[in-house]
Every structure is written in C-alpha cells, then in structure tokens.
Amino acid sequence: MNYLDTPTREIFARFDAAFEAGREPPGAERDPRMFGRWAQLRLGNGHHEVHDYDERVLRATRLAADGDIPWTFEDVRFLWMAADALMTWGHTDYPELYRLPLAAIRRLDYAGRRQILDGTLGWFRKYHRPVWDALHDQMEDLLTEPAEHGPAGVVRNIIWDCDVVARRLAEEYGARLAAPEVLPLLRHWNSARSSKPSERWLRTAKALLTPEAAGLVRELLVLVAAHRERPEENVHEWRETVFLHERTVVPVRGMVWTCELIDEPWVTSLLGDVALTCGTGIGGSGANSRSELLANAAVNTLARRGGLEVVAALARVQVKVRKKSVLGNVARTLDGVAAEAGLSREQLLDRTVPTFGLGPDGVREERIGDCLLRLRADGPVLQFVNAAGRTVKSAPQAIRQAPELAVLKTTLKELKQALPAERFRLERALIEERLWRWKEVTELFLDHPVTGLYARTLIWQTPQGPAGLPVRTDSGWELADPRGHRVQPDPDTPVQLWHPIHATAEEVRTWRDHLLEHGIRQPYKQAFREVYLLTPAEERTGTYSNRFAGHTLRYGQAKALLNQRGWTGLAIGHWDYECGGDRGEAVKELSGWRASWGMHVTGDAEADGWGTASFCVSERIRFHRADGPAGPGDDEGVPLTEVPPLVLSEVLRDADLAVGVTSVGLDQQAGAGHEEYWHSYGFGELTETAGTRRDALVRLLPRLRIAARAELTDRFLRVRGDRRTYKIHLGSGNILMEPNDAYLCIVPGHDRDAASVFLPFEENGGMLSVILSKAFLLADDTAITDPSITRQLDT
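First residue of the sequence shown? That's 848 in my numbering, and the numbers climb one at a time after it.
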C-alpha cells in the first residue's frame, strides 16, 4: 500500500478495520469506486501463492463487480495492475481474481479497453498460458466491437487504433478495407509478425490480392511515407512522441511485403519513400530509425524485387539514413545487385542514376493541349508556358486534371530527392579519392542530365597531372585550367576529383579567384574547402588532437549533424553515471581509418529530466586503423603523424563544422553558466572554417554594393553605418559596436541584398549568408526601424 496516497490509505484502513471486525465496510455505497479498489487489493491478503479465497472477500469483489459503478479509466487501470501483480505472485483462481477488472473495463469505450489491455493478451499467451486458457474468450469478447459500429469497427477489431495512422485506416479507409474483396487480405497483413515473409505467406497474399487491394496498398503506403511523429498520451498519462505503434507496424509491414507481388512502375519509388521515412530518426535525422522494422522490410522487398531499377531508391536511403542495421541492409542489397551485374557497389550507383527523361541540357519538355510544360533539373522546377508563350507560375486551369501533369509532378518530386543523393555521392568520392577512367567520367557524370549539373562545376584532375574544369568542345570534353590551358585526357586515363590538400596555396588562390570571376557555383566546398594540417601542438600530443576539445555544444543538434556526416555511436545523457552513461564517443570510418571524438554531458540534469542532455562538451579526437583492435587497450590511438593528411583533414573539418553550427557561442545571448565560453568563442580566434569564410569575403567584398563601407580585419568584418561602426565576428556572426565594443544582438533574418550575392559554393543559409545579411542591414543603419535594434544603437 506504499504506492497509495495518504487519503486513500486512510479510507482503506477504515475498510480493513470493519472487515476484520466482521462488519460490512463503511461507505461502500457512498464511495463504491474506492470500495472496489479496496476489495481487489484485499484478495492479496498479504500472501503470495493463493489458490482459494475467503468467501467474505469474494462477496466484496462480487458486490463491486455486479454494482452499477461509474468506473474511470484510472480505476480500471488500477484494478488490472493489481490483478496482474497477484497473478504473478502465484494466485491461481483466475476467474475470481479478474472478475472485478473484467466487469469494470466493460464500462470503458473500446479505445479505453484497448489502451488498458495493450500487450496483455500476448503476455498471457506467451508467459502465462493458464490465464490465457481461462480468460481469453472474455477478453477477446470485450475487445470486439459489435457489427453496428460499421466498417470502421471491423478495421479496429483487426488493427486497433493506437496511433494516428491506425485511426485514419479505420475512419477514412474503413469501408474499402472492410469490403469483401479486401478484408481477407487485411487480416493476412495483420499476421506479418516475422522478420521476413515465408513462401507460404506470399502465396496466400498472392491468392488474396485483388486490383482493389493493390490500389489501397499504394494509397496507404503513400500515407505512411508522408506521416510524421507526434506527441500522444499513453497509458501512463504522459505524452510521448509516437511514429507508429507496434500494432500498426504489423499490417503496414504486410502491405510492404505485398509490394513484391505488384508489378507496377510506382512500387520501387514508393518502397524507397517508405524506407527513407521509416529509416530516419525522429525529426528526420539521427542514428535511430522511426521504425527499423518497416525500413528493413521495405529494403528487403526491394532486394527481392531486384534489378537495376531499385538502385536509385536505395541510393536515396543511403544518403539520409544513419541507422547501422538499415545501412547494412542497403549495402548488402546493393552489393547483391552489383555482383549480379558484374560491378562494384560504387560502379553500380554510377551507372543507375535515373535521367527522369531530361535531355543533355537537363530539360524535359512536354505539351499538354496548348500548354508547354518544362521540367528543369536546375532548380529543380516545373515551368508552365501558356498558349501565348508566356511563362506562368502555376498550371493553367484547363490542364490541372491531366494525368500527364500528375506524372510530371511525381517526376519533379523524385528529381528533388535524387539531387541531394548525387551531391552526397560526389562529395564522398572527393574525400575517398575515387578513381575513374576519363571515358567513365564523361559518360556517367559530365553527360548525365542530373549528375552533370554538379559534376560540370567541379575540378577534375589526372593523378600527378593537370587539373581543370570540364569544357565541352566539338571533339568531346576537355579540362581547362584558370589560365585557359586545355587538355583532353585519353579515354582510359585515370581521373579523380581535385582536393586542395594536394595543391599549393597559390594553386588554391588561383582556383578561388577563377570561380568568383566566372560565376561558377560548386555543389559543395571544393576550391574553398578547409584544409587542416597537422599542427605543432598535435605533434606534441602525439596520439590525439585537442584542436576541437572544450567546446560546449547543443547535444541533440551536434549529434544530428554528425550523423548526417557519417558519424555514429554517440549516445550520452543524465543516466547511469557510475557506468559512464554521461560519456561517449562519436565514431567515423574513412578510407581504412576509424576516428573517435569524445563527448561528455554538461548542464542541469534536473532541468533535462534526468534523460537526454541538452548540452555536451567536446573532448579529444583519436585515430585507429579500421581493421585494428577497438577494445580498451586500443584507447591511445595511433600517432597522428601516421594518419593520412586527407583523412586527418576531413575528420577535423567535420569537427569544425559541428562546433561552428552547434556551439552555444553562436547564441544571441550567453546562457547561464556558459558566459565565459560564449565570449571566448563568440569573439575569439578564427577556426579553419571561419578562415575560409574570411578568404571568400576578401574576394566578395569588392563586388558588393557596400564595399565602400566595409573592410576585413583579422577576425571581423568591419561595417561603417551612419549611426555606429560595427564589427561582425567571422566565426560566430556576433556583433560589437565601436567605440566601446558594446554587444549588439540581432536575430538573423533573410536580407534580399545578401540573398542575391553570388557565393562560389552552395551554403543553404550558412554563416556566410548570415554575416552578409547583417552587413547589408548595418551599412544602412538609418533605415532600421525595428525597436529591438534601434534601442541598442542609441545606448
């Protein structure tokens, strides 16, 4: 009774005293719900193994069970928990033990009944078979909605309604799912409880599959692929973020398995969508999966379908998903398809990038009636040209229902998903120093309407030979250097992407100037890529780098960013301090090496609810050979002088990026306890990333409208307004005002002038854009009307 509150204990004590004295418990009629709770607990009587109950106790439980008592959800949960506890202690008179809980639960609606009994039937069937044998008929009866509840009730009887998707299946799709031509297959889907379908399962599904059911599979899996998690209240009355309940996962997995039997063009892409949604973590990132079971089911189904057409779908999964089991599954599937084609996995990916019907120029045109539709990879965008030859923003009314338009919109969606995958592949090829033959580069990259959009802006080179940007000529592709010298490699000449770590400082400066002068935007930083060379401090520490140690980071954001960059294994929080739950490592494998970056929790454990930490502190980075031991004796790592320079540089670049995006030093104001770090990071020495940002600004400033009002110092972009002069830190974007270095807080916005500035690499709203936006704003400070800013300027 220690878990009862004081008023309840006092009531139960009065009931106990009357019962022991041989009297009817007082207040049974006035407070029948409390009487029922007391009667259920009284069955325990302080004993464990009980096979027969005292008749007086049975009269009390039967009185409560037969009474017209307005039981609440909490009452029913209490009664079932009490009965389950006594059952596990050895009480064997199951009909009497569960008489009152069974009577009380019938007062709830069906949703409440399912919530109380979620998992109970399976628990009984697997671990307490005698209870199952005695009670399962009654429990299944009280969980079965009557016929008058219609098709929605029929669907709920099969799959329940434990989450948003399940409720939509019953309420929106109930009539179609409960139709005679689909219902048997729905029941079969709900039997998909193994890790993969048996031949017998597939034969049954094939026999039950109808055209109506196949259409529903498509609609419902589109629903799942578009679904996102949301907070839901559980049986314990706290809100948890739920993607899909395990009861919903089972029939959805059955639908995924059934896709193996459907020969339609939409299947492969849709399975990729399901794998992508379910394979990524909550919020679309992280090392976990929304539903590992469904992600693997979709990948396995693609594997069983086989063929080159599954490769593009799997490539999209490979870009976004970080869950090791899912990635391993994708890798095995790609390896299987590649082996069948006599290729390596990377060669397979090179050869199976879809063209989406685009021409060599990256454009696809189709005419619907009087309207010309133009699908462009550059953007990507779908343009509409009306009968008058004018480009309009939306489809003319006359073609909005045309099936050809729906096809093009679907193609645009798939193109938008493919482009990041190709950018990811090309950057991975850079850091892994992949080699191709020149004829492969021209055919699979430069001439490809999708991959070529990026590949034609990258610098390629022959090993120990000239580097250049691709230029198309009448005789084929050539490589042109910044001075205009051209070379056409022989078709079998080895070629790779140029990396600045192998170039001189002068070569790097020349390429950077060339990109800006000719307005060439690269898909990622190549010419402007940060290079991290071994420092004297790292030579002294020997086996580890402290270059990015001691930074306070927003843990969730840092973990998500590192996951996106291929790091795994980081899981720390305010739990199990004795066993090191507050410390961990992020690990990345690259070109035969394994890097580990230590992190530990910081901040208020109570404020974090003793769970996942809000903040962490970075520690040292070590390197090991990927095929070497990874146990406790290997903690020291190998000397940094043995680590290949490119591997060292790329790992430290990831660390710099994580710090540069997630450090609390970037906050608009210093958080409690972080003041000293906030100031040192927000206005201190520049990292390599910030140094590259400064180098880009050296070249950009003379081209800007505000050039006469701006100058660069070692750490700041100094902007002269009419009211004050401002110093914008090139690392954090924080601002100090002259002459007294007063701090100016400005929340980053989207300035049209800054947005129109050409950047030589895709940044997607990064710090350089933020700094330029602030610079344009402050250069014209007399036009600022926001009182939150003007108040600071006048102090």
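Each residue gets a CB set at the ideal place from its N, CA and C atoms; glycine is no exception. Since the structure is predicted, the reported quantities are computational estimates derived from the model, not experimental observations.
Between the region 1420 to 1439 and the region 1355 to 1375, the count of Cβ pairs shorter than 8 Å is below three; the stretches do not touch. The continuous beta strand (DSSP E) containing Y1573 extends over residues 1572 to 1576. For the set D1328, F1090, K1574, the Cα lying nearest the Cα of N1587 is the one of K1574. The C-alpha of G937 lies about 21 Å from the C-alpha of A907. Measuring C-alpha to C-alpha distances from Q1639 to each of G914, T1298, L1583 identifies L1583 as the nearest. Counting only runs of at least 4 residues, the region 928 to 955 fully encloses the following alpha helix (DSSP H) elements, listed from N- to C-terminal order: 941 to 944, 946 to 952.
Where R880 is concerned, the enclosing alpha helix (DSSP H) starts and stops at 879 to 889.
With fewer than 16 other Cβ atoms inside 10 Å of its own Cβ, Y974 counts as exposed. Of the residues assessed, C1592 falls on the exposed side of the cut-off, its CB having fewer than 16 other CB atoms within 10 angstroms. Here the region 1234 to 1241 makes no contact with the region 1296 to 1303; the two share fewer than three CB pairs at distances below 8 Å. Bridge pairing for A1589: M1584 [DSSP]. Shown here, L1380 sits in coil according to DSSP, grouped into three states, outside any helix or strand. Shown here, I963 sits in a helix according to DSSP, grouped into three states. It is roughly 26 Å from the alpha-carbon of E1279 to the alpha-carbon of G1119.
A straight line joining the alpha-carbon of V1318 with that of R1270 spans about 20 Å.
With a cutoff of 9 Å on beta-carbon distance, A930 and Q962 are scored as not near each other. Within a 10 Å sphere around the beta-carbon of N892 sit fewer than 16 other beta-carbons, which makes this residue exposed. For the 9 Å CB-CB criterion, L1117 and A1072 form a contact. For P1341, the secondary structure class from DSSP, reduced to helix, strand or coil, is strand. Listed in chain order, the non-local C-beta contacts of G1512 below 6 Å within the same chain comprise W1525, Y1528, G1529, S1579, local neighbours out to five positions each way being set aside. Taken atom to atom, the span from the alpha-carbon of R861 to that of L990 is near 36 Å. Contact between L1181 and L1161 holds: their C-beta atoms lie close to 6 Å from each other, under 8 Å.
Boundaries of the beta strand (DSSP E) harbouring K1435: 1430 to 1437, taken from the DSSP string. Per the coordinates, the alpha-carbon of L1305 lies some 29 Å from the alpha-carbon of A1405. Annotation for G1209: R1223, A1224, D1225, P1296, V1297, G1299, L1300 place their beta carbon closer than 8 Å to its own, counting only its chain and skipping 5 residues before and after. Its chain contains D1628, L1640 as the residues whose beta carbon lies nearer than 6 Å to that of R1570, once the 5 sequence neighbours on both sides are disregarded; these appear in chain order. Using a Cβ-Cβ distance cut-off of 8 Å, the region 1312 to 1330 and the region 1394 to 1402 are not in contact, since fewer than three pairs of beta carbons, one from each stretch, lie closer than that value. By the Cβ neighbour-count rule, L1068 is buried, with 16 or more other Cβ atoms within 10 Å of its own. For S1241, there is no enclosing beta strand (DSSP E), as DSSP gives it neither H nor E. For G1175, the enclosing alpha helix (DSSP H) starts and ends at 1171 to 1188. Residue pairing by DSSP puts T1088 in a beta bridge opposite P1078. Comparing C-alpha distances from A1145 to each of I1129, V1099, A1188 shows the shortest one belongs to V1099. Considering only L1548, L964, I1215, D988, the residue with the shortest C-alpha distance to Q1248 is I1215.
Rounded to the nearest whole angstrom, the CA to CA distance from A950 to G997 is 25 Å.
A Cβ-Cβ distance of about 31 Å is found for the pair T1488 and A1134, leaving them out of contact under the 8 Å criterion. Excluding sequence positions up to five before and after R1376, its CB lies within less than 6 Å of the CB of P1347, all in the same chain and listed in chain order.
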